[in-house]
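Participant: Shown below is the structure under consideration.
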Amino acid sequence: MAQVKLQNINKIYKNGYHAVHDFCLDIKDGEFMVLVGPSGCAKSTTLRMIAGLESISSGDLHIGDKHCNDVLPKDRGIAMVFQNYALYPHMTVRENLAFGLETRKKPKDEIERRVSEAAEILEISELLDRKPGQMSGGQCQRVALGRAMVRKPEVFLFDEPLSNLDAKLRVSMRMRISRLHDELKQSGRPATMIYVTHDQVEALTMGDRICVLNRGAIMQVDTPMNLYHKP
Ligand code: ADP
Ligand code: ADP
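Position one of the sequence shown corresponds to residue 1 (the UniProt record's numbering), numbered consecutively onward.
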């Protein structure tokens, strides 16, 4: 069970700036939730608090049935995909994919199996011996998605993962991520996905539900249908 529950979450940065105002949001187990809004509305701050990369000033965060305010990032059952890929430049694709599993002391054969499984699904098997510097942005982003995938997290966090890609690649990556969400659901191991974007089309096409943010406040939470297609 990996429901993600934000109860009256606030973020006040050290300089006194009140970035997140009393967020209450119930993200269901296996749901694809998009956080959308203009630059500066606190999408990234919110995601980073869920990831444990930013402290929570007040309120309660639950992931699954666990109170997570003070839980280390690595113990939250999450994996994050960043805009800038965040791959290790000196490692090959294979090593990048395996790294998070090796640090978790997974058996070697299981690591190999998970890496080749993810590589196959993402069509990067032929890139396994390359380093990030020898790949295109789209290829790097597939590896970044693969690195999250191999960990089999209960929750995926995406921080504007497609904004450095050209329009055509954006569409194909969008479909890839949606398909991954569907496949995990069908396999009986659904993953909750929380996806941050400023792009309304992306929000509309990907989200089971959309949370609309503005200036650090939640404006609306609803399905794409109800938000955009109501007469
Ligand atoms: P978004 O991801 O929607 O673009 P952010 O979460 O990055 O928005 O930022 C939300 C607000 O918090 C912005 O006004 C930003 O300037 C401010 N902010 C972000 N990080 C810090 C920080 N470390 N210290 C102070 N203010 C910050
Ligand atoms: P570990 O597997 O020991 O957690 P990682 O380097 O894979 O080592 O990740 C360290 C922590 O940083 C993760 O547990 C996670 O909380 C956070 N993190 C989230 N997404 C990523 C990511 N894509 N790559 C690296 N770290 C991530």
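Yeah, the Cβ is synthetic: ideal placement off N, Cα and C, and Gly gets one too.
Does any heavy atom of ligand 1 sit closer than 8 Å to the C-beta of Cys41?
Facilitator: Result yes, Cβ under 8 Å from ligand 1.
Participant: If we call anything under 9 Å between Cβ atoms a contact, is Ile78 one with Pro161?
Facilitator: Against a cut-off of 9 Å, the Cβ pair of Pro161 and Ile78 comes out as no contact.
Participant: Quick check: the Cα distance between Val71 and Gly52, rounded to an integer number of angstroms?
Facilitator: Each residue's alpha carbon lies about 7 Å from the other.
Participant: Count the other CB atoms within 10 Å of the CB of Arg189; is the residue buried (16 or more) or exposed (fewer)?
Facilitator: When all chains shown are included, Arg189 counts as exposed.
Participant: Just curious, the alpha helix (DSSP H) that Met175 is in, first and last residue?
Facilitator: Its alpha helix (DSSP H) spans residues Ala167 to Gln186.
Participant: Could you check how far apart the C-beta atoms of Gly40 and Ala2 are, in whole angstroms? I think they sit under 8 Å.
Facilitator: Rounded, the Cβ-Cβ distance is 29 Å, inconsistent with contact.
Participant: Which residues bound the beta strand (DSSP E) around Leu25?
Facilitator: It spans His18 to Ile27 - the beta strand (DSSP E) in which Leu25 sits, taken as one unbroken run.
Participant: Under 8 Å by Cβ, that's how I've got Ile124 and Val143 pegged, so tell me the actual separation to the nearest angstrom.
Facilitator: The Cβ separation is near 6 Å, so the contact holds.
Participant: With DSSP as the reference, label Ser13 as helix, strand or coil.
Facilitator: The residue asked about is misnamed: residue 13 is Tyr in this sequence, not Ser. Reduced to three states, the DSSP call for Tyr13 is coil.
Participant: Three or more C-beta pairs closer than 8 Å, one from the stretch 97-112 and one from the stretch 169-186: is that the case here?
Facilitator: Result no; under three Cβ-Cβ pairs closer than 8 Å.
Participant: In whole angstroms, what is the alpha-carbon distance linking Met219 and Ser57?
Facilitator: Looking at the two C-alpha atoms, the distance is approximately 21 Å.
Participant: Beta carbon of Gln141, beta carbon of Tyr85: below 9 Å?
Facilitator: Yes.
Participant: Could you spell out where the beta strand (DSSP E) holding residue 238 opens and where it closes?
Facilitator: A query on residue 238 cannot be resolved here, the shown segment of the chain reaching from 1 to 231 and no further.
Participant: Over the uninterrupted alpha helix (DSSP H) stretch that includes Leu101, give me the two end residues.
Facilitator: Segment Val93 to Glu102, the alpha helix (DSSP H) holding Leu101.
Participant: Opposite Arg215 in the DSSP bridges: which residues?
Facilitator: Answer is none; Arg215 lacks a bridge partner.
Participant: Tell me which residues share the same chain as Thr223 and place their Cβ nearer than 6 Å to its Cβ, disregarding the 5 neighbours each side in the sequence.
Facilitator: Excluding sequence neighbours, Thr223 sits near Arg209.
Participant: Please report the straight-line C-alpha distance between Lys28 and Tyr195, rounded to a whole angstrom.
Facilitator: So the two alpha carbons sit approximately 14 Å from each other.
Participant: DSSP state of Gly59, grouped into three classes?
Facilitator: The answer is strand: DSSP assigns Gly59 an E or B state.
Participant: May I ask you to verify whether the stretch 196-216 touches the stretch 22-36, counting CB pairs closer than 8 Å and requiring at least 3?
Facilitator: Output reads yes: the stretch 22-36 touches the stretch 196-216.
Participant: Would the beta-carbon of Tyr195 be found less than 8 Å away from any heavy atom of ligand 1?
Facilitator: Checking the Cβ of Tyr195 against ligand 1 gives no.
Participant: DSSP has Arg114 in a bridge; who is on the other side?
Facilitator: For Arg114, which the question treats as bridged, DSSP gives no partner whatsoever.
Participant: Can you find a C-beta in chain D that's less than 9 Å from the C-beta of Gln7?
Facilitator: The structure shown has no chain D; it contains just one protein chain.
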